[in-house]
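Going down the list, the protein sequences come from chains A and B. So that you can map any letter, position 309 of the first sequence is 309 in my numbering, and since no number is skipped, the others follow by simple counting. Residues are numbered in my numbering as their position in the second sequence, beginning at 1, plus a constant of 514. Following: one structure in structure tokens, then a few remarks.
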Amino acid sequence: MSALAAAVPAAPTFDWAALSPLLALLGGAVVVLMVGLAGSEFIRSMVVPWLAMVSFAIAIGCLAWQWNTTSLLIEGALIMDPLTAALGLLVCATGLVASLLAWRDRAAREFAHGEFFALLLTVAAGMFVLISARNLVVTFVGLELLSLPLYILCASRIRREHSLEAGLKYLIVGSVGSATLLYGFALVYGATGETGYREIAASLSASGLVSDPLLLAGLALAVVGFAFKASLAPFHQWTPDVYEGSPTPITAFMSVATKAAAFAALIRFFDVAVPSAIDFWRPAWIAIAVISIVVGNVGAIGQRSMKRMLAYSSIAQAGYLLIGFVVYTDLGIEAVVYYLFVYALANLAAFAVVIARERETSLGDSIDALRGLGARSPALGAAMTFAMLSLAGIPATAGFVGKFTLLESAADGYAWLAVVLVLGSVVSLAYYLPVVSAIWLDEAEGAEPGRDSASGVPALAGGSPEADAEPPTDGAGEAAFVAVVFGVAIIFFGIVTGPLYDLADAVARGLGLG
Amino acid sequence: MTIHLSIMLWLPAAAGALALFLPARLARWTWLLGTLLVLAYSVVLLFDYDRAAGGLQFVTDELWIPSLGIHYALAISGLNLVLLATTALAFTVAAAWYLWDDSVERPGLFALLMGLAQTAVMGAFMAQDLALFVVFFDLMLVPFYFLVVIWGGPERREAVLKLFIYTLVGSLLMLVGAIVTGVLAADGGAPSFLLSDLADFPLASGTQAWVFLAFALAFLIKMPLFPFQGWMPDGYRQMPIGVLAVFTAILSKVAAYGFLQVAIPLFPDAAVRFQETLMILAVASIIYGSAMAFTVTNARLILGYSSLAQLGFIVLGIFALDTRGADGALLQMVTHALVTVPLILIVALLARRAKGSEDIRDMGGLAFRAPAFAAVFLVLTLALLAMPGSANFVGEFMILLGVFETKMALAIIASIGVAMAAVYALRLYITTMLNRQGPDTDSKEMTAREALVIVPVMLVLIALSLVPQFALRPAQDGTRESLAAAREVLANDGSVAESRVEARR
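The following block contains the structure:
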């Protein structure tokens, strides 16, 4: 009897309460998938999206409930701490917004609502796992759980060539990234004999094998893999095409949430597991940061497609974020978390306006769709304006405070990186300001269906203008609502800085880099 | 701790926000009322400021972003007292000007943007926290961007991009400089950006040098000073005229004020080190600006290049690092603003009488049936060329006096600029008002409305010419304080910062 008891491994203890956000997302995915099988069109197109939103809301509620908890979940595979809570909140809130934006989107209708929203919830669950993982294997599992459904979602506009191309491209490049990362993890495991992050750190400090070639090769591959996933230059080539081809609500979701999840994983792996090898990985990340700032800012200039422009802009913004990461201080982590939130506000506002215009006009995501918007609907015009100014880091917007924090974290010792950051911001005006000018300066052009399709879709990118010119649809209302809410939030958080700082501060103290 | 400055600071923005929701006619009046209230406030401050005590008064100091150490700190000092009143007056004139200018569509939005601009400018003047100063300084530009984009001339697209990118290069480098100053001065502790805290802990002189250059670049581009005037010609041509009046008169002064308030007191070593460089740039601006001002034919650009030259004088006075020069510079900032605002509006008056052309070759003989207009214009022209008896003369004289004490050669070259000012100012007046009447011109007397906007500023200018001490006296305390550290460096012929840094360790 006692021998038998000893032979059965003790079941891991589950902290169900701390695990509840993840369960809400996964449970939501199952429920949404099942309800999506219903025959009634009403249930599929109305109930399913709102169920998805409810699931995200429940997950947010669970996070709020577990806000101050710090506990290890499932035998230390996951951790619930302020970093998980803060970025989990960001992911779930973005998911909620994306569901609202996708509610009446063509993609969800063409692809079937049940599958679409179930996949979206699964992606969010994957992100949650990735954010909270403190183990090489779990990190990889989380990464794949988020990536695979995302490949499908990118291709979910199944009647549109662009969308399929985006999904395929993302699948191929993403898989290369995953494979590289996995190889890197395998080598790190080989070097240290551990998979847990804390254990790896302990093993490294005990053995002093920091310059072990096996470990360094593993780290190099891990850097490349993470850079692929976070779309950092020079591993960014997939980003503009995928952003452009995917359904816009999905683009909005992945531009914000994927970035947050990837940076959380980055922080956990490099700051917790291998901080002792900082002299090795810091120069690598600094180089990637500088290249991303240059490539992103230069690439975005002159783009006609808003989604491509925002894709390049997101590469540059990720470069800025890396600066907070490489300085390896509490303030740096605080800056990263703060900036992720303000970046989310601006990007969601911008994408919401793009979606609203896609649905109101036949010009798609072209900058032409924004011409004269300021005169015709000032609220949407103002939201887009605030978003662009915030991304450029102009005072009185949240983006300015975010950039200020990043600069302050870099000021002591990395002042030259701060200079790179602001020079990048100056260049970024060359593509953010034309958007603002288009909104306020140019006369509105008549938007008859089909008329401007040739200018709306770059023919070089393989689009067939006839197939891609889409007549206006309904659903611009909720997009405008989202745009206005986030537009107001950009200004609010540009002036009232306390709440986000408290949050970022808690995250930084929770990690305790010292 | 008082709330007065906060009320005064946010009043223009609030009036503008209110105007946004009102019908056109009412929006214009709301805006004017807002600016008048601020003007009244600033006049009260002029008399309430305890000149005998000096220093910072009406101090407001709240912690705005605790984790970054940024304070919402405002105060009135000898340096900004008169400049604030000038700002309030300039914006009031602009608001009065647009009361009857129906070419502006959506006046509510216009009022909001101008209100925000006024708030930002006054914020930059009042700020006693380095980060807050930078925030307001950068913020200043945003409303002007929209004012040009929405209401500017036909070629505004390129002009505004150039203006914005040029000035933001400087501003953002200044932001880095400011943050580095705060963080390094804290020396590992919690940073504070309060100017009074920062002045106690000067940076090492190597760091001072590049941080100072970042600040100087921002200020020189904003003014602009030679050779950073690339954005100016296009920007000036495309700006709506009332906006241009404020922009030329006031924004350049914020930059000049920045030297006195921030750059010189915080980075005294660097200020001494780059003293000659800046003085040479200033003299170059005087010569270049004057030369351009009598070659170009666009009336706006004549005034633009003239203000380039005048700002050369102001910078020259400041970087003489002599209190007389700096006092003169401060007086010159005020008088130049007071003369620029009405003169730019007069360009619009001239254009109205020359079928919309702003080219002085299309004008001529406009004084024929307009004696009052001619008289007003003449008084302002004489003030612009710093006729003895005008307050502008007092300012220029003091500047040159200060420079003679320190750099004789530069003072001699700069005094050529005084003569050149007479040439371009009189050329502007003669070709437009006298000479033979142009073919497409219509010599009309000033209307009552035009007079109502322009004459009061002229009267203020005349009053100031009679009692320049009114503006000078409070300034003297301020400049002495802001130059103190730099003069100490000069006296010790080297660095004080190093010794102070050492003393602190």
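For each residue, glycine too, the CB sits at the ideal point set by N, CA and C. These numbers were taken from a predicted model, which means no experiment stands behind them.
A/I79 sits away from A/S20, with the two beta carbons spaced by 8 Å or more. With contact defined as three or more Cβ pairs closer than 8 Å, the region 901-917 of chain B and the region 765-780 of chain B are not in contact. In this structure B/A823 is not in contact with B/D748, their Cβ atoms being roughly 19 Å apart against a cut-off of 8 Å. The shortest CA-to-CA distance from A/V482 to any of A/L500, A/S163, A/A98 is the one to A/A98. Just so you know, the alpha carbons of B/T955 and B/R883 end up roughly 12 Å apart. Neighbours of A/V426 across chain B, judged by C-beta separation under 8 Å: I679, L682, V683, L686. Only residues of its own chain outside the window of five on either side were considered, and among them G756 have a CB closer than 8 Å to the CB of B/D615, listed in chain order. Using a Cβ-Cβ cut-off of 9 Å, A/D368 is close to nothing in chain B; its nearest Cβ partner there is about 15 Å away.
Just so you know, the alpha carbons of B/L980 and B/T721 end up roughly 45 Å apart.
Spanning the alpha carbons of A/D241 and A/P471 requires a straight line of approximately 23 Å. With fewer than 16 other Cβ atoms inside 10 Å of its own Cβ, B/T791 counts as exposed. Under the Cβ criterion of 8 Å, B/I693 is counted among the residues facing chain A. B/D564 has a beta carbon lying at 8 Å or more from every beta carbon in chain A. For B/Y586, the secondary structure class from DSSP, reduced to helix, strand or coil, is strand. When DSSP reads this structure, A/G372 sits in no beta bridge, so it has no partner. Per DSSP, A/M80 is one residue of the beta strand (DSSP E) stretching across 78-80. Annotation: the continuous alpha helix (DSSP H) that includes A/V294 extends over 278-300.
Residue-level contact check: B/F788 does not touch chain A, since none of the beta carbons of chain A fall below 8 Å from its beta carbon. Of all alpha-carbon atoms in B/L712, B/F678, B/S710, the one lying nearest the alpha-carbon of B/A732 is that of B/F678.
Look at B/N1006 here: in three-state DSSP terms it is helix. With 16 or more other Cβ atoms inside 10 Å of its own Cβ, A/W238 counts as buried. For B/F660, the neighbours in chain A by C-beta distance under 7 Å run, in chain order, W440.
Residue-level contact by beta carbon fails for B/I517 and chain A, as no gap is shorter than 8 Å. Rounded to the nearest angstrom, the Cβ distance from A/T405 to B/L582 is 7 Å, consistent with a contact under 8 Å.
Taken through DSSP and simplified to helix, strand or coil, A/A346 comes out as helix.
From the beta-carbon of A/L433, the residues of chain B found nearer than 7 Å are L675, F678. The alpha-carbon of B/H850 is positioned some 23 Å away from that of B/Q789. Residue ranges of uninterrupted beta strand (DSSP E) with 3 or more members, entirely inside the region 26-91 of chain A and ordered along the chain, are 71-73, 78-80. Sequence-distant partners of B/S591 (beyond 5 residues in either direction) whose C-beta falls short of 6 Å from its own C-beta, in its chain, are L570, G992. The criterion of a C-beta distance shorter than 8 Å is satisfied by B/G916 and B/G839.
Less than 8 Å divides the Cβ of A/I60 from the Cβ of A/L89.
Going by DSSP, A/V242 is part of the alpha helix (DSSP H) stretching over 238-245. The beta-carbon of B/L653 is placed less than 8 Å from the nearest beta-carbon of chain A. Contact note: A/P395 reaches chain B through V649, D652, L653, using a C-beta cutoff of 7 Å and chain order. B/D956 sits in coil when the DSSP states are folded into three classes, being neither helix nor strand. Between B/L859 and B/V967, the C-beta gap is smaller than 8 Å, which places the two residues in contact.
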